[in-house]
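Here the sequence shown stands for residues 403 to 522, where the numbers follow my numbering. These notes concern the structure reproduced below.
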Amino acid sequence: MDDTDYAFGRSRAEYERLIEQAELFRPLTERMLLAAGITRGMQVLDVGCGVGDVSFLVAALVGPEGSVVGVDLDAEALKLAEVRRTAQGITNVEFRQSDARSVDSGDSSTLRWAGSYSCL
Ligand SMILES: C[S@@+](CC[C@H](N)C(=O)[O-])C[C@H]1O[C@@H](n2cnc3c(N)ncnc32)[C@H](O)[C@@H]1O
């Protein structure tokens, strides 16, 4: 799969759809993350983070002593995610352009994959 094969496409309209979807599903997403065992202090990898909504939600759950790395193939989505991160004053999230198939997961003993609503 190369970058042009992504089914939802890459456009401003798609980014806005993701933001609306995240708002709509936020309570369910939070429950899913808690059920998955996301707690304070964790380091979490959000695979296919898009414009960052799940990363931001996880960042609140892990707190300032935890951290989130959001990875995505889409450089434009990551630019918007970074603008949104800065605007919200979130300091424990970092975005990186990377392919999920080759991402370095670091210390896997302390890492959980978020990746909600991702279609990779
Ligand atoms: C449906 S969007 C979900 C975005 C975000 N998780 C959310 O819930 O708002 C899926 C994302 O996965 C990314 N993606 C697809 N294939 C990928 C790959 N191989 N590596 C990294 N990201 C990928 C897309 O660029 C897109 O931003």
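Even glycine gets a Cβ: it sits at the ideal position worked out from N, Cα and C.
In the structure shown, what three-state DSSP assignment does residue i receive?
i: V470; result: strand
i: F427; result: helix
i: R503; result: coil
Bridge partners of residue i, per DSSP?
i: R498; result: V473
For a test of your reading of the model: does the CB of residue i fall under 7 angstroms from any non-hydrogen atom of ligand 1? Yes or no.
i: R503; result: yes
i: G411; result: no
i: L475; result: yes
i: A479; result: yes
i: V470; result: no
Please confirm whether residue i and residue j have their CB atoms less than 8 angstroms apart.
i: R486; j: G454; result: yes
i: E467; j: G443; result: yes
i: F392; j: E418; result: Examination of residue 392 is not possible in this model, given that the chain is present from 403 through 522 alone.
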